[in-house]
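Chemist: Quick one: structure below, then a few questions.
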Amino acid sequence: MSSVAFNPEQGRPLHPFATFTLPLVAVFGGLLGFIGGQAAGLGPLEGFIFGAVIAAALAFGLTRFVAPRPGRWLATAICAALGFSAGGFPGALGGIILGALLGWAIYWLHRGDYRRGVPVYATSGQVLWHNSFKFICGAIFFFLIAPIITIIPLSFNAQNFFTFTPEMLALDPAGYSLKHYADFFSNDAWLQPLKNSLIIAPFATVISVTLGTLAAIGLSQSHVPGRRAIMAILISPMIVPLIISATGMFFFYSQMGLFMENYLGMSKTLTGYIKVILAHAALGVPFVIITVTATLVSFDQSLTRAAANMGANPVTTFFKIQMPLILPGVISGGLFAFITSFDEVVVVLFVGAAAQKTLPWQMFTGLREQISPTILAVATILVIVSITLLTVVEMLRRRSERLRGMSPG
């Protein structure tokens, strides 16, 4: 096998192996060795040198004697074996991750894959910026997702701690347990807030979707006067600090609650639910307006005019013509409104009472008054629910693009 990297789009040599691929792989391996060496008990300098030597040796051997796919697996296996010899099963797990990264980097540089996605006439500086931008995006993604990933294994802690125990770090089965999840599903202190959240969020979502969809359709008409100002007012709950919105809602809904209790004869519990539902609906309406408005941008208004010319009334036109086409945006907005209501804690603290304690409220109370690891189990469940709903939103977005002819997929 040749000792130079090739551009997969041009098929001509790019850089010699000895002056390009080898030093870059050695530096990358040194950084990985610096990270892995800290866990293995090596000093920073020793870890960097060890990683650089291993990476350079792998790059020299793999690029000459092994094809890319088996070469990546071989690099992963070698690093996993080194990690196991240094730190047992936890070291092997870390070695698998570092080996996969190293194997990918070796062939990415050697084969010129770093030029994929850029024009053939791009300069070296443009190629460098293209790949740097991708790495920056990856670093930002890791920065955002790392705190969420951390709580998931901690929720399986067998001890009542918020830290990784030695048994967990050693991957000892005795260090892991489902007792925090069992406590969540068997403790009424958690089940009642869950029930309240499952009552409040759906009702708030229905109100948000109804009002937000109607507002978006109305504001999409060009003849509506001052529609930009109206739009700014309607989405203001997303812009105004939540504590200010919560304070205003407290004074407004407290008076409304007194009216319902004194003049309509409603109980305090019922009025409490109504106040929280209306407050959460107000927070969810902007999300529905934005998603539905984005869907209506590409909506062909001639369809509604054609339906009117054929004798359809506005209600029939809405349900037969508009709604099927904007349904992905409506559902997406509804999912965002549901997540907003289900995860919200500040407004419910101001507007609700103990009878309306939601799951986020109970988590906040648990963190402030008694540190219970069950909070981590609840947080993990909420993360899974949120990821599921956002996945549905993305699928609906792609379906909407296909319906509008914007995407070939």
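Under the working numbering, think of the first position of the sequence shown as 2, with each following residue one higher. Think of the CB as a built atom: it goes at the ideal place given N, C-alpha and C, for glycine as much as any other residue.
Going along the chain, which residues of its own chain have a beta-carbon closer than 8 Å to the beta-carbon of Ser4, five neighbours each way excluded?
Modeler: Along the sequence shown, read from residue 1 onward, the residue named residue 4 stands at position 3. With a pLDDT of only 42 at Ser4, under the threshold of 50, the placement of this residue in the model should not be trusted; the figure read from the coordinates follows. Only Pro17, Phe18, Ala19, Thr64, Arg65 meet the Cβ criterion.
Chemist: In whole angstroms, what separates the C-alpha of Thr317 from that of Leu99?
Modeler: The residue labelled residue 317 in the question sits at position 316 within the sequence shown. The residue labelled residue 99 in the question sits at position 98 within the sequence shown. Distance between the alpha carbons of Thr317 and Leu99: 60 Å.
Chemist: How big is the Cα-Cα spacing for Ile200 and Phe319?
Modeler: Counting from one through the sequence shown, the residue named residue 200 turns up at place 199. Counting from one through the sequence shown, the residue named residue 319 turns up at place 318. Between Ile200 and Phe319, the C-alpha separation is close to 29 Å.
Chemist: Measuring alpha carbon to alpha carbon, tell me which of Ser268, Pro69, Gln323, Ile79 ends up nearest Met114.
Modeler: By 1-based counting over the sequence shown, the position of residue 114 is 113. According to the sequence provided, residue 114 is Asp. The question's Met does not apply to it. Among Ser268, Pro69, Gln323, Ile79, the Cα nearest to that of Asp114 is on Pro69.
Chemist: Where DSSP assigns a beta bridge to Tyr177, which residues make up the other side?
Modeler: For this step, residue 177 is matched to residue 176 along the sequence shown. According to DSSP, which records beta bridges pairwise, Tyr177 is partnered with Asn158.
Chemist: Give the C-beta separation of Thr292 and Gly330 to the nearest angstrom, bearing in mind that I take them to be a contact with Cβ-Cβ under 8 Å.
Modeler: Taking the first residue of the sequence shown as 1, we reach residue 292 at position 291. Taking the first residue of the sequence shown as 1, we reach residue 330 at position 329. The pair is a contact, with the Cβ atoms about 5 Å apart (cut-off 8 Å).
Chemist: Grab the span of the alpha helix (DSSP H) containing Ala60 for me, first residue to last.
Modeler: Taking the first residue of the sequence shown as position 1, residue 60 is located at position 59. First-last of the alpha helix (DSSP H) with Ala60: 45-66.
Chemist: Between the region 47-57 and the region 114-130, do three or more beta carbon pairs fall short of 8 Å?
Modeler: Not touching, per the Cβ criterion.
Chemist: Would you call Ala147 buried or exposed, if buried means 16 or more other Cβ atoms sit within 10 Å of its Cβ?
Modeler: On the sequence shown, residue 147 is found 146 positions in, with the first residue counted as 1. Classification for Ala147: exposed.
Chemist: Please classify Asn161 as buried or exposed, where buried requires at least 16 neighbouring CB atoms within 10 angstroms.
Modeler: For the purposes of this step, residue 161 is identified with residue 160 of the sequence shown, where counting begins at 1. Asn161 comes out exposed.
Chemist: Note the first and the last residue of the continuous alpha helix (DSSP H) segment covering Arg228.
Modeler: Locating residue 228 in the sequence shown gives position 227, counting from the first residue. Unbroken alpha helix (DSSP H) run through Arg228: 228-235.
Chemist: Of the residues Leu271, Glu262, Met261, Val286, which one's Cα is nearest the Cα of Val210?
Modeler: Translated into the one-based positions of the sequence shown, residue 210 becomes position 209. That would be Val286, whose Cα lies nearest to the Cα of Val210.
Chemist: Have a look at Glu262, Leu212, Ala354 and flag the residue whose alpha-carbon is nearest the alpha-carbon of Gly334.
Modeler: For the purposes of this step, residue 334 is identified with residue 333 of the sequence shown, where counting begins at 1. Of Glu262, Leu212, Ala354, the residue nearest in Cα terms is Leu212.
Chemist: For Ala308, which three-state DSSP category applies?
Modeler: Residue mapping note: residue 308 aligns to position 307 of the sequence shown, counting from 1. Of the three classes helix, strand and coil, the one that applies to Ala308 here is helix, per DSSP.
Chemist: Look at Gly84 and Ile55 and say whether their C-beta atoms are less than 8 Å apart.
Modeler: Here residue 84 corresponds to residue number 83 of the sequence shown, with the count starting at 1. Here residue 55 corresponds to residue number 54 of the sequence shown, with the count starting at 1. No, the Cβ-Cβ distance between Gly84 and Ile55 is not below 8 Å.
Chemist: If distances are taken between C-alpha atoms only, which option among Gln127, Arg306, Trp362 comes closest to Gln222?
Modeler: To locate residue 222, count along the sequence shown from 1; it is residue 221. Selected option, being the one with the closest Cα: Arg306.
Chemist: Given a cut-off of 8 Å on the beta-carbon distance, is the pair Thr77 and Ala101 in contact?
Modeler: Locating residue 77 in the sequence shown gives position 76, counting from the first residue. Locating residue 101 in the sequence shown gives position 100, counting from the first residue. In contact: Thr77 and Ala101 (Cβ atoms closer than 8 Å).
Chemist: Taking a contact to mean a Cβ-Cβ separation below 8 Å, would you say Tyr177 touches Met169 in this structure?
Modeler: Residue mapping note: residue 177 aligns to position 176 of the sequence shown, counting from 1. Residue mapping note: residue 169 aligns to position 168 of the sequence shown, counting from 1. Yes, the pair counts as a contact, with Cβ atoms nearer than the cut-off.
Chemist: Can you grab the Cα-Cα spacing for the pair Pro242 / Gly367, in whole Å?
Modeler: Residue mapping note: residue 242 aligns to position 241 of the sequence shown, counting from 1. Residue mapping note: residue 367 aligns to position 366 of the sequence shown, counting from 1. For Pro242 and Gly367, the distance between alpha carbons rounds to 24 Å.
Chemist: Just tell me which of Arg369, Arg398, Asp344, Glu395 has its CA closest to the CA of Ile382.
Modeler: Here residue 382 refers to the residue found at position 381 of the sequence shown. Measuring from the Cα of Ile382, the nearest candidate turns out to be Asp344.
Chemist: Skipping 5 residues on each side, what residues in its chain have a beta carbon closer than 7 Å to that of Ala295?
Modeler: Residue 295 sits at position 294 when you count from the first residue of the sequence shown. Excluding positions up to five away in sequence, the list reads Gly330.
Chemist: Once you ignore the five residues that flank Ala53 on each side, which residues in its own chain have a CB closer than 6 Å to its CB?
Modeler: As a working mapping, residue 53 is identified with position 52 in the sequence shown. Excluding sequence neighbours, Ala53 sits near Ala27, Gly30, Gly31.
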